[in-house]
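Chains as they are written, first to last, in the UniProt record's numbering: chain A, 1 to 104; chain B, 1 to 264. Below is one structure; the comments refer to it alone.
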Amino acid sequence: MSWLWAGVIAAAVLSFAQKWIGYQVPPGVLEKPRIARVTSLLPVALLGALVATQAAADGPQLMADARLPALAVAALLLALRAPFLVVVIAAAVVAALCRALGWG
Amino acid sequence: MNTHDPSDRSPAARSAHEAPSPDAASVSLAVSAARRKGLSVGVATGLYGISFGALATASGLDVWQAMVLSAIMFTGGSQFAFVGVIGGGGSALGAALAAVLLGIRNTLYGLVLAPTLPRGGAKGAARSLLTIDESAAVAATAGPPAAKRAGFWAAGIAVYVFWNLFSLVGALIGQSVGDPGAWGLDAAAAAAFLGLLWPRLVSKDVVAVAVAAAFIALIATPVLPAGLPVLAAALVAVVVGLLPRRPVAGGNRVDATDEDGEQA
């Protein structure tokens with residue numbers, strides 16, 4: 001077995017174990033107010049970070065391209081209470097159009 | 001998420017699993033809304049598997065190695081980090097380390113989801129495997145526990161099926177399919193994350209956390225290895241959550257506490 005295979009298998013198994021461990025924390029821990037606040041704010045922080053990196057990061061660089069107008073349209077549609085799928089498709093269409101027109 | 005019954009929009013109903021059980025009709029509305037959302041997130045994300053498969057084989061993995069990553073590792077950020085390190089000439093150990101560092105956030109998701117999802121057995125293992133950005137985000141925004149479960153399984157299973165299917169397509173046909181970016185799929189993913197974030201922005205505090213996290217992720221992007229910026233941003237939640245506050249009645253109802261305590 002090559003080192004690459006060993007790395008693939010080890011990383012895959014460890015990644016699964018990481019997911020599993022999160023569920024093994026005793027439920028009582030989560031009911032403490034501060035812990036509860038942290039766990040309810042975590043998705044907000046992670047989503048905020050994922051929006052930013054998905055919209056403006058290109059590998060290790062920041063990049064303003066067709067994703068930004070697409071995200072702006074998505075935000076506008078969300079403010080207008082458009083359904084989720086409409087928002088996602090509209091963003092894809094805006095980005096694809098911008099790129100077809102040669103920008104971003 | 002915008003198809004929820006308006007009664008779901010009160011801070012109390014939003015405040016996760018402790019919410020008093022709403023009537024059956026609004027729960028079933030929330031369940032089907034969460035399921036639809038999960039499916040659409042799954043399809044949009046899964047299509048991106050093409051780019052993973054193509055990048056993996058371009059980086060020197062064979063089709064089987066790419067598919068072991070998609071089927072067992074099954075967390076896109078870690079998978080891209082792994083093949084990125086290999087493609088950049090790094091060692092298998094370095095690739096595994098990058099993947100594991102990125103996967104730390106999946107442990108945090110499990111922490112958040114544990115009260116809502118079944119423990120043990122085959123379902124317990126499936127629940128672990130399917131714990132990723134998208135399933136955790138759909139569950140977190142779904143309202144009542146039944147809707148959280150429905151959203152988690154719908155998103156997790158849909159992403160799993162499409163991600164693996166399109167990883168295989170990408171690995172087999174390699175770069176010839178072209179750039180998913182040309183189809184706007186990268187922007188669609190950003191919009192999906194924004195759409196999942198939106199309904200949680202119920203108080204100034206929460207908005208501040210989201211904005212600060214986005215800012216930190218961006219300034220960390222040029223200086224930290226791929227994936228760590230998102231993790232660094234998660235520290236915002238930890239710091240803000242642990243800050244001392246004056247006690248407010250109903251201390252456990254986090255979102256309600258934020259509104260009552262901070263907007264007065």
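Think of the CB as a built atom: it goes at the ideal place given N, C-alpha and C, for glycine as much as any other residue. Because the structure is a prediction, the values reported are computed rather than measured.
In chain A, which residues lie less than 7 Å from residue i when you measure between Cβ atoms?
i                      : result
residue 342 of chain B : Outside the modelled stretch of chain B, which goes from 1 to 264, sits residue 342 of chain B, for which no answer is possible.
B/Thr221               : Thr53, Ala57, Pro60, Leu62
B/Ser40                : Phe84, Leu85, Val88
B/Leu101               : Per Cβ cutoff of 7 Å: no residues; B/Leu101 is ~10 Å from chain A at best.
Of all the CB atoms in chain A, is at least one closer than 8 Å to the CB of residue i?
i        : result
B/Pro144 : no
B/Arg35  : no
B/Phe193 : yes
B/Ser78  : yes
B/Ala75  : Residue identity differs from the one stated: residue 75 of chain B is Thr in this sequence, not Ala. Interface residue, yes.
B/Trp153 : no
B/Trp163 : no
B/Arg119 : yes
B/Ala171 : no
B/Ala158 : no
B/Asp133 : yes
B/Leu69  : yes
B/Ala126 : no
B/Ser203 : no
B/Ala30  : no
B/Phe82  : yes
B/Val63  : no
B/Val27  : no
B/Ala214 : yes
B/Leu168 : no
B/Ala96  : yes
B/Ala182 : yes
B/Leu55  : no
B/Ile50  : no
B/Ala58  : no
B/Gly110 : yes
B/Leu228 : no
B/Ala44  : yes
B/Ala122 : no
For a contact meaning CB atoms closer than 8 Å, what does residue i contact in chain A?
i        : result
B/Thr107 : Gln18, Lys19, Ile21, Gly22
B/Leu129 : Phe16, Lys19
B/Arg200 : Pro43, Val44, Leu47
Where does residue i fall in DSSP's three states?
i        : result
B/Gln79  : helix
A/Ser2   : coil
B/Val177 : Note that B/Val177 scores 49 on pLDDT, short of 50, meaning its location in the model is unreliable; the coordinates nonetheless yield the value given after this. Of the three classes helix, strand and coil, the one that applies to B/Val177 here is helix, per DSSP.
A/Gly24  : Sequence inspection shows Gln at residue 24 of chain A; the Gly mentioned does not correspond to that position. Three-state DSSP puts A/Gln24 in coil, outside helix and strand.
B/Asp23  : coil
B/Asp186 : helix
B/Asp205 : helix
A/Leu50  : helix
B/Ala142 : coil
A/Ala57  : strand
B/Leu243 : coil
A/Leu62  : strand
B/Val223 : coil
B/Ile132 : coil
B/Tyr160 : helix
Can a CB atom of chain B be found closer than 8 Å to the CB of residue i?
i       : result
A/Gly7  : yes
A/Ala64 : no
A/Leu85 : yes
A/Leu30 : yes
A/Val93 : yes
Name the chain A residues whose beta carbon is nearer than 9 Å to that of residue i?
i        : result
B/Ala137 : Pro43, Leu46, Leu47, Leu50
B/Ile104 : Gln18
B/Val238 : Val38, Leu41, Leu42, Ala45
Residues of chain B with CB under 9 Å from residue i, in chain order?
i      : result
A/Trp3 : Ser91, Ala92, Leu93
For residue i versus residue j, is the C-beta spacing smaller than 8 Å?
i        : j        : result
B/Ala137 : A/Pro83  : no
B/Leu197 : A/Gly104 : no
B/Gly195 : A/Val73  : no
B/Val43  : B/Leu61  : no
B/Asp133 : A/Leu50  : yes
A/Gln18  : B/Ile104 : yes
A/Ala56  : A/Leu46  : no
B/Phe52  : B/Gly170 : yes
A/Val8   : B/Leu69  : yes
A/Ala92  : B/Ala188 : yes
B/Met73  : A/Ala11  : yes
A/Val38  : B/Ala237 : yes
B/Ala234 : B/Gly151 : no
B/Pro144 : B/Ala30  : yes
B/Gly90  : B/Leu130 : no
A/Arg99  : A/Ala64  : no
Which chain B residues are close to residue i, counting only those with a beta carbon under 8 Å from its beta carbon?
i       : result
A/Leu71 : Ala187, Ala190, Ala191, Leu194
A/Leu76 : By Cβ distance, chain B contributes nothing, its closest Cβ being about 11 Å from A/Leu76, past 8 Å.
Quick check: is the beta carbon of residue i nearer than 8 Å to any beta carbon in chain E?
i        : result
B/Ile219 : The chain inventory of the structure shown lacks chain E, comprising the protein chains A and B.
Taking only runs that begin and end inside the stretch 68-104 of chain A, name each unbroken alpha helix (DSSP H) of 4 or more residues, in chain order. Entirely contained in the stretch 68-104 of chain A, the alpha helix (DSSP H) runs reaching 4 residues are, in chain order, 84-100.
Going residue by residue through the stretch 57-124 of chain B, where are the continuous alpha helix (DSSP H) segments of at least 4 residues, counting only ones entirely within it? 63-68, 76-87, 92-113, all fully within the stretch 57-124 of chain B.
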